[in-house]
Amino acid sequence: MLTEFGKAFIFILMAIIFVIGIVYFAKLIRPARPTHEKLKTYECGENPEGSPWIKFNIRFYVVALIFLIFDVEVVLLIPWALVYKDFGLTGFLIGGIFLVLLGLGMAYEWRKGDLQWEKPKVLPPSFNKTKGAPKVEKELVEV
Amino acid sequence: MGFLDKEFTDGNIVVAKAEDLLNWARLSSLWQVSFGLACCAIEMMATSASHYDFDRFGVIPRPSPRQADIIIISGTVTLKMATRIKRLYEQMPDPKYIISMGSCSNCGGPYWEHGYHVLKGVDRVIPVDVYVPGCPPRPEALLEGLLKLQEKIRNESMIKKTA
Numbered sequence: 053m054l055t056e057f058g059k060a061f062i063f064i065l066m067a068i069i070f071v072i073g074i075v076y077f078a079k080l081i082r083p084a085r086p087t088h089e090k091l092k093t094y095e096c097g098e099n100p101e102g103s104p105w106i107k108f109n110i111r112f113y114v115v116a117l118i119f120l121i122f123d124v125e126v127v128l129l130i131p132w133a134l135v136y137k138d139f140g141l142t143g144f145l146i147g148g149i150f151l152v153l154l155g156l157g158m159a160y161e162w163r164k165g166d167l168q169w170e171k172p173k174v175l176p177p178s179f180n181k182t183k184g185a186p187k188v189e190k191e192l193v194e195v
Numbered sequence: 002m003g004f005l006d007k008e009f010t011d012g013n014i015v016v017a018k019a020e021d022l023l024n025w026a027r028l029s030s031l032w033q034v035s036f037g038l039a040c041c042a043i044e045m046m047a048t049s050a051s052h053y054d055f056d057r058f059g060v061i062p063r064p065s066p067r068q069a070d071i072i073i074i075s076g077t078v079t080l081k082m083a084t085r086i087k088r089l090y091e092q093m094p095d096p097k098y099i100i101s102m103g104s105c106s107n108c109g110g111p112y113w114e115h116g117y118h119v120l121k122g123v124d125r126v127i128p129v130d131v132y133v134p135g136c137p138p139r140p141e142a143l144l145e146g147l148l149k150l151q152e153k154i155r156n157e158s159m160i161k162k163t164a
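Here it is as structure tokens:
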């Protein structure tokens with residue numbers, strides 16, 4: 053006799069087999085006419101230039117990390133909010149402890165200034181009237 | 002090599018029915034590259050909007066040529082753009098179709114004589130299936146062009162290959 057998990061497992065198995073079957077079937081019948089142009093990276097018709105493996109600013113990493121924290125928070129809190137009445141004070145306290153932990157983390161981020169998007173200081177170009185040609189000063193920090 | 006790349010020598014009933022099914026499937030979901038060049042693109046957008054509703058013919062704008070079946074050249078094709086159009090067309094998967102919309106992309110339009118920067122008809126770089134005349138064509142005209150294209154696809158044959 054199948055358990056409930058067994059039924060779920062059959063569903064998962066069917067999904068996997070279905071996807072593999074469809075992809076294979078499509079490969080059997082579809083026209084495959086690769087050309088040099090077709091296999092090129094799509095850049096809106098422009099020539100692809102350089103490597104996509106460029107360095108990203110470290111600030112994006114911090115933002116992504118903070119986002120992840122709140123993401124996990126939402127994922128865990130929504131089911132908790134639906135059922136916490138059934139668990140009485142214990143359930144409420146567990147959720148509260150979780151929230152306090154995340155709140156501490158956020159306070160730490162805030163204190164460290166990670167929520168601040170540090171803008172580079174850009175000096176406006178200064179014009180020297182005596183020498184004629186406008187002179188643009190070099191930016192101090194790269195943008 | 003895919004089954005659809007084969008050329009069939011005899012037209013028996015199975016081939017004929019499969020052909021009907023394929024053609025019907027193709028003509029009912031012509032996804033277009035969302036690609037506009039000039040004022041004709043405004044009319045193309047109006048065609049996509051709710052009044053004329055391109056979607057009822059299965060035309061959905063796609064952000065990448067990899068997912069598209071047709072490209073509507075809507076507007077003036079400058080010489081600079083021509084190479085890009087050529088590449089976009091090359092990057093679309095087969096089978097692919099082209100609607101040339103408006104006088105400019107049909108033949109150069111008002112830039113025919115003195116437009117030093119305009120390609121005199123997009124059919125000089127890519128093969129056009131349907132020409133829609135007008136400057137710019139009304140949405141009804143574009144719909145008519147699409148219907149013509151659907152008619153063309155409906156009559157395609159697996160025995161005598163066109164695309």
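Top line first, the protein sequences correspond to chains U and W.
The first sequence begins at 53 in my numbering and counts up one residue at a time.
The second sequence begins at 2 in my numbering and counts up one residue at a time.
Built from N, CA and C at the ideal position, the CB exists for glycine as well.
Since we're looking at a predicted model, the values are computed, not measured.
(1) Please confirm whether residue 92 (chain U) and residue 100 (chain U) have their CB atoms less than 9 Å apart.
(2) With a threshold of 9 Å between beta-carbons, can residue 140 (chain W) be considered close to chain U, or not?
(3) Could you spell out where the alpha helix (DSSP H) holding residue 174 (chain U) opens and where it closes?
(4) In angstroms, rounded to a whole number, what distance separates the CA positions of residue 84 (chain W) and residue 97 (chain U)?
(5) Please confirm whether residue 96 (chain W) has its beta-carbon closer than 9 Å to some beta-carbon of chain U.
(6) For residue 110 (chain W) and residue 103 (chain W), which I take to be in contact (beta-carbon distance under 8 Å), what is that distance rounded to the nearest angstrom?
(7) Do the region 69 to 81 of chain W and the region 117 to 132 of chain W touch if we need at least three Cβ pairs shorter than 8 Å?
(8) Can the beta-carbon of residue 99 (chain W) be found less than 9 Å from the beta-carbon of residue 60 (chain W)?
(9) Look at the alpha carbon of residue 147 (chain U) and the alpha carbon of residue 53 (chain W), and state the distance between them as a whole number of angstroms.
(10) Could you tell me the alpha carbon to alpha carbon distance between residue 62 (chain W) and residue 138 (chain W), rounded to whole angstroms?
(11) For residue 136 (chain U) and residue 143 (chain U), I'd like the C-alpha separation in whole angstroms.
(12) Can you give the Cα-Cα distance for residue 165 (chain U) and residue 111 (chain U), rounded to whole angstroms?
(13) Using a Cβ-Cβ cutoff of 8 Å, what residues of the region 90 to 115 of chain U are near chain W? List them in chain order.
(14) Report back the beta-carbon spacing between residue 143 (chain W) and residue 133 (chain W) to the nearest angstrom; my notes put them in contact at under 8 Å.
(15) Note down, one range per segment and in chain order, each beta strand (DSSP E) of at least 3 residues found wholly within the region 40 to 86 of chain W.
(16) Am I right that residue 92 (chain W) and residue 89 (chain U) are in contact with their C-beta atoms under 8 Å? What's the rounded C-beta distance?
(17) Is residue 127 (chain W) near residue 160 (chain W), with beta carbons less than 9 Å apart?
(18) Could you tell me the distance, in whole angstroms, from the CA atom of residue 89 (chain W) to the CA atom of residue 21 (chain W)?
(19) Distance cutoff 9 Å, beta carbons only. Does residue 128 (chain W) sit that close to anything in chain U?
(20) By Cβ distance, which residues of its chain are closer than 6 Å to residue 24 (chain W), with the 5 residues on each side in sequence left out?
(21) Flag this pair as yes or no: are the beta carbons of residue 123 (chain W) and residue 71 (chain W) separated by less than 9 Å?
(22) For residue 173 (chain U), does the count of other Cβ atoms within 10 angstroms reach 16, so buried, or fall short, so exposed?
(23) Which stretch, first to last residue, makes up the beta strand (DSSP E) that contains residue 106 (chain W)?
Here's the rundown:
(1) Mapped onto the first sequence, residue 92 (chain U) falls at position 40. Mapped onto the first sequence, residue 100 (chain U) falls at position 48. Yes, the pair counts as a contact, with Cβ atoms nearer than the cut-off.
(2) Taking the first residue of the second sequence as 1, we reach residue 140 (chain W) at position 139. Not an interface residue.
(3) Against the first sequence, residue 174 (chain U) aligns to sequence position 122. Taken as a continuous stretch (DSSP letters only), residue 174 (chain U) belongs to no alpha helix (DSSP H), as it is neither H nor E.
(4) Residue 84 (chain W) sits at position 83 when you count from the first residue of the second sequence. Residue 97 (chain U) sits at position 45 when you count from the first residue of the first sequence. Taking the straight line from one Cα to the other gives about 8 Å.
(5) Reading the second sequence from its first residue, position 95 is the one you call residue 96 (chain W). Among the CB atoms of chain U, one or more fall inside 9 Å of the CB of residue 96 (chain W).
(6) Counting from 1 along the second sequence, the entry for residue 110 (chain W) is found at position 109. Counting from 1 along the second sequence, the entry for residue 103 (chain W) is found at position 102. Right, the Cβ-Cβ distance comes to about 7 Å (below 8 Å), so this counts as a contact.
(7) In short, these stretches touch, since the Cβ pair count reaches three.
(8) The count along the second sequence starts at 1 and reaches residue 99 (chain W) at position 98. The count along the second sequence starts at 1 and reaches residue 60 (chain W) at position 59. Between residue 99 (chain W) and residue 60 (chain W), the CB-CB gap reaches or exceeds 9 Å.
(9) As a first step, residue 147 (chain U) must be located in the first sequence, where it is residue number 95. As a first step, residue 53 (chain W) must be located in the second sequence, where it is residue number 52. If I take the Cα positions, the gap works out to 53 Å.
(10) Along the second sequence, read from residue 1 onward, the residue named residue 62 (chain W) stands at position 61. Along the second sequence, read from residue 1 onward, the residue named residue 138 (chain W) stands at position 137. Cα to Cα, residue 62 (chain W) sits roughly 19 Å from residue 138 (chain W).
(11) Taking the first residue of the first sequence as 1, we reach residue 136 (chain U) at position 84. Taking the first residue of the first sequence as 1, we reach residue 143 (chain U) at position 91. Rounded to the nearest angstrom, the two C-alpha atoms are 5 Å apart.
(12) The residue given as residue 165 (chain U) occupies position 113 in the first sequence. The residue given as residue 111 (chain U) occupies position 59 in the first sequence. Whole-angstrom Cα-Cα distance: 11 Å.
(13) Within the region 90 to 115 of chain U, the qualifying residues are 90, 92, 94, 96, 97, 98.
(14) Walking along the second sequence from the start, residue 143 (chain W) turns up at place 142. Walking along the second sequence from the start, residue 133 (chain W) turns up at place 132. Contact annotation, residue 143 (chain W) with residue 133 (chain W): C-beta distance approximately 6 Å; criterion of less than 8 Å satisfied.
(15) If one requires a minimum length of 3 residues, the beta strand (DSSP E) runs lying completely within the region 40 to 86 of chain W are 71 to 75, in chain order.
(16) Taking the second sequence and counting its residues from 1, the one referred to as residue 92 (chain W) is at position 91. Taking the first sequence and counting its residues from 1, the one referred to as residue 89 (chain U) is at position 37. With a Cβ gap of about 6 Å, residue 92 (chain W) and residue 89 (chain U) count as contacting.
(17) Locating residue 127 (chain W) in the second sequence gives position 126, where the first residue counts as 1. Locating residue 160 (chain W) in the second sequence gives position 159, where the first residue counts as 1. By the CB criterion at 9 Å, residue 127 (chain W) and residue 160 (chain W) fall outside the cutoff.
(18) On the second sequence, position 88 is the one that residue 89 (chain W) refers to. On the second sequence, position 20 is the one that residue 21 (chain W) refers to. Those two C-alpha atoms are separated by around 29 Å.
(19) To locate residue 128 (chain W), count along the second sequence from 1; it is residue 127. Residue contact with chain U for residue 128 (chain W): absent (no Cβ-Cβ distance below 9 Å to any residue of chain U).
(20) Translated into positions along the second sequence, residue 24 (chain W) becomes position 23. Result list for residue 24 (chain W): 154, 155, 157, in chain order.
(21) Counting from 1 along the second sequence, the entry for residue 123 (chain W) is found at position 122. Counting from 1 along the second sequence, the entry for residue 71 (chain W) is found at position 70. The answer is no: Cβ separation not under 9 Å.
(22) Counting from one through the first sequence, the residue named residue 173 (chain U) turns up at place 121. Within 10 angstroms of the beta-carbon of residue 173 (chain U) lie fewer than 16 other beta-carbons, which makes it exposed.
(23) By one-based count along the second sequence, residue 106 (chain W) stands at place 105. No beta strand (DSSP E) holds residue 106 (chain W); the alpha helix (DSSP H) holding it covers 104 to 108.
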